[in-house]
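For the working numbering, count along the sequence shown from 1 and bump the result up by 2. Ideal placement from N, C-alpha and C gives every residue a C-beta, glycine not left out.
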Amino acid sequence: MSISADRTRIGTRTTADMIETARDFADLMATRRSIRHFSPEPVPLAVIEEAVRAAATAPSGANLQPWRFVVVTDPDRRRRLREAAEAEEREFYARRASPEWLAAIAPMATDWRKPFLEVAPVVIVVFEVHQGPNSPKPYYVKESVGIAVGLLISALHHAGLATLTHTPSPMRFLNEVCERPAEERPYVVMPVGYPAIDATVPDLTRKPMSEVLIRR
């Protein structure tokens, strides 16, 4: 069974309107930066829910939607999450990270300490959902979840919230902290909130369009 496409959103606007809308969105997203210094100020949970709703519209292999978004607001659980992440990160930075990787991330001025996991009022832990007792075999899981996370980042920034994509290594401790079954595999951890008043970000540049857009 098929339903009609929504032509109020697809194909009915003028070219000028489409270009303006696309430019406005690109300009907005160009202001997005990853934040590591958060204010503890609470954020509206309705905003988080709507951002997750937007993320859940992402395309996925066979439309199986192999994602789970665990919204962590409990202070004790955020503390446990931070402690477990820092234990893994301390080991990673000290023993497992290659010299090349450490050199590449040096401009970010980051290390094993992850206070943002406890300071930010919300932490969203995104899981991939693989085949299990209550879930079918999914297809293109990482690709599908990656697209959903991109929509989530965009939705949060559009709403006026800052975030960070954090991937401790390894991440299986997140199943225990978030009380998720084995068929769900951690994908990324995203602290969400307002930037701290004194927050700073690295002075980075993005590649010019001439390097990222190829016409044929």
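Expected contact under 8 Å - CB spacing of residue i and residue j to nearest Å
i    : j    : result
V143 : P68  : 5 Å
F129 : R187 : 6 Å
Rounded C-alpha distance that separates residue i from residue j
i    : j    : result
R174 : R208 : 32 Å
P193 : P42  : 11 Å
E22  : Q133 : 43 Å
A105 : T202 : 21 Å
D205 : A96  : 26 Å
S62  : V54  : 15 Å
A99  : R92  : 10 Å
L153 : A60  : 7 Å
L119 : R70  : 19 Å
I149 : I199 : 31 Å
V49  : M211 : 32 Å
S146 : S137 : 16 Å
T17  : V214 : 23 Å
E52  : V45  : 13 Å
T14  : A86  : 51 Å
R35  : R217 : 28 Å
I107 : D8   : 44 Å
Given residue i as reference, the closest of the options once Cα atoms are compared
i    : options               : result
A219 : T17, I155, A96, T202  : Outside the displayed span of the chain (3 to 218) sits residue 219, for which this structure offers no information.
R82  : C180, F27, M211       : C180
R38  : V72, G148, D113       : D113
H159 : M31, R115, D19, A18   : M31
E178 : P135, V127, E145      : V127
A122 : V73, I107, R182, A108 : V73
K139 : R25, P44, L66         : L66
R84  : A161, L176, R34       : L176
A184 : A24, D26, F27, P135   : P135
G195 : A28, A7, L47, R182    : L47
H168 : A157, R25, E90        : E90
Sequence-distant residues of its chain with Cβ nearer than 6 Å to residue i (five each side left out)
i    : result
T75  : V124
Y141 : G63, A64
V131 : P68, R70, S137, E186
M20  : none
F94  : S171
A157 : A53, A56
Residues near residue i by beta carbon distance below 8 Å, same chain, minus five either side
i    : result
A111 : P204
Cβ-based burial, residue i [other Cβ within 10 Å; buried from 16]
i    : result
E102 : exposed
I5   : exposed
L163 : buried
P170 : buried
F40  : buried
T165 : buried
Chain-order list of residues whose beta-carbon lies under 7 Å from that of residue i (same chain, five-residue window excluded)
i    : result
E88  : W114, R115, K116
A161 : V49, A53
P77  : none
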